[in-house]
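A short write-up of the structure that comes next.
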């Protein structure tokens, strides 16, 4: 038996201004989140992009084609109610950050890691006042507690909209520092994504590409770039 799928029922999606911000109307009716909460958005740019995603639907509604709408819903229904818990969870990445775990061999891979990742650690020390230490091998070694506390405070200061984007940027890349660099525009999102895949690219060079892994990587790159775009739209 085929599952029921929601179909387009509106003629036009439009942006409406509210006292608290902006929302989107479908033929004059305000959209709501899956939890039935009002959709109140911080910027017109974000509202306009969500309206465009609704307008792009033809026939059946395909949520996967609406990344900005889904991120806004997650912000309102989840992040706004779990901000402190999410901040703690994301800050924990600082103790096992991708950028800190280096190969001891081969020398070429170790050199690539240093060349690509050291500038990000230097940037974090300058911009976040947090210097993470590198390790060789895969065995975990804790970072200095004061450094982790500093990073935790930085995460806690993110507003709900930034936290939603940060959740994906960090989770997809495996790096708290890459997440912050993306939010702050220190490097282009595509560049940071490639930096996060340095080890995978090395393996591909040695053994060849795997089609399934390549497909997953492309999907993750799309999600990473969409998260950065969502953040930027929420700033205006």
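Residue numbers (this note's numbering): 1470 to 1705. Even for Gly, the Cβ is constructed at its ideal location relative to N, Cα and C. Keep in mind it's a predicted model, so treat the numbers as computed, not measured.
Q | Coil, strand or helix - residue 1510 by DSSP | A | If you number the chain shown from 1, residue 1510 lands on position 41. Three-state DSSP puts residue 1510 in a strand.
Q | CA-to-CA distance, residue 1496 to residue 1666, given in whole angstroms | A | For the purposes of this step, residue 1666 is taken as the residue at position 197 of the chain shown. For the purposes of this step, residue 1496 is taken as the residue at position 27 of the chain shown. Residue 1666 and residue 1496: Cα-Cα distance of roughly 44 Å.
**Q.** C-beta contact flag for residue 1695 and residue 1536 at 8 Å
**A.** Here the question's residue 1695 lines up with position 226 in the chain shown. Here the question's residue 1536 lines up with position 67 in the chain shown. Taking C-beta atoms as the reference points, residue 1695 and residue 1536 count as a pair closer than 8 Å.
Q | Exposure label - residue 1607; buried when at least 16 CB within 10 Å | A | Locating residue 1607 in the chain shown gives position 138, counting from the first residue. Exposed.
Q. Would you call the CB atoms of residue 1512 and residue 1642 closer than 8 Å?
A. Here residue 1512 refers to the residue found at position 43 of the chain shown. Here residue 1642 refers to the residue found at position 173 of the chain shown. Not in contact: residue 1512 and residue 1642 (Cβ atoms no closer than 8 Å).
Q: Return the first residue and the last residue of the beta strand (DSSP E) that residue 1613 is part of.
A: Along the chain shown, read from residue 1 onward, the residue named residue 1613 stands at position 144. In the DSSP assignment, residue 1613 falls outside any beta strand (DSSP E) and carries neither an H nor an E.
Q: Could you name the residues that DSSP lists as bridge partners for residue 1529?
A: The sequence position of residue 1529 within the chain shown is 60, counting from 1. DSSP, once it has assigned bridges, lists 1476 as partnering residue 1529.
Q) Thinking C-alpha only, which one of 1557, 1515, 1651, 1550 is nearest residue 1538? A) For the purposes of this step, residue 1538 is taken as residue 69 along the chain shown, with counting starting at 1. Nearest option by C-alpha distance: 1515.
Q: Note down the Cα distance separating residue 1687 from residue 1679, rounded to an integer number of angstroms.
A: The count along the chain shown starts at 1 and reaches residue 1687 at position 218. The count along the chain shown starts at 1 and reaches residue 1679 at position 210. Cα-Cα distance, rounded: 12 Å.
Q: Check whether the Cβ atoms of residue 1567 and residue 1671 lie closer than 8 Å to each other.
A: The residue you call residue 1567 lines up with position 98 of the chain shown. The residue you call residue 1671 lines up with position 202 of the chain shown. Cβ atoms of residue 1567 and residue 1671: not closer than 8 Å.
Q. When the distance is taken between beta carbons, is residue 1603 closer than 8 Å to residue 1581?
A. On the chain shown, position 112 is the one that residue 1581 refers to. On the chain shown, position 134 is the one that residue 1603 refers to. No, they are not a contact pair.
**Q.** residue 1487, buried or exposed, once every other Cβ within 10 Å from all chains shown has been counted against 16
**A.** As a first step, residue 1487 is located in the chain shown; it is residue number 18 there, counting from the start. Exposed, since its Cβ has fewer than 16 Cβ neighbours within 10 Å.
Q. For residue 1592, which of 1620, 1655, 1622, 1569 has the nearest alpha-carbon?
A. Your numbering for residue 1592 matches position 123 in the chain shown. The candidate whose alpha carbon is nearest that of residue 1592 is 1655.
Q) Are the segment 1548 to 1560 and the segment 1622 to 1631 in contact at 8 Å, needing three or more beta carbon pairs? A) Because the criterion of three Cβ pairs below 8 Å is met, the segment 1548 to 1560 and the segment 1622 to 1631 touch.
Q) Closest to residue 1594 by CA distance: which of 1616, 1651, 1543 is it? A) Residue 1594 sits at position 125 when you count from the first residue of the chain shown. Here the closest residue by C-alpha is 1616.
Q) With C-beta atoms as the reference, is residue 1502 less than 8 Å away from residue 1542? A) One-based indexing of the chain shown puts residue 1502 at position 33. One-based indexing of the chain shown puts residue 1542 at position 73. Yes. Within cutoff.
Q | residue 1584 versus residue 1664: straight-line alpha-carbon distance, rounded | A | As a first step, residue 1584 is located in the chain shown; it is residue number 115 there, counting from the start. As a first step, residue 1664 is located in the chain shown; it is residue number 195 there, counting from the start. Approximately 10 Å, taken between the alpha carbons.
**Q.** Candidates 1548, 1564, 1507, of which the one nearest residue 1637 by Cα
**A.** Position 168 of the chain shown, counted from the first residue, corresponds to residue 1637. Distance check between residue 1637 and each of 1548, 1564, 1507 places 1548 closest, using alpha-carbon atoms only.
Q. How is residue 1503 classed by DSSP in three states: helix, strand or coil?
A. Counted from its first residue, the chain shown places residue 1503 at position 34. Residue 1503 falls in the coil class under three-state DSSP.
Q | Which of helix, strand or coil DSSP assigns to residue 1483 | A | Residue 1483 sits at position 14 when you count from the first residue of the chain shown. In the displayed model, residue 1483 falls within a strand according to three-state DSSP.
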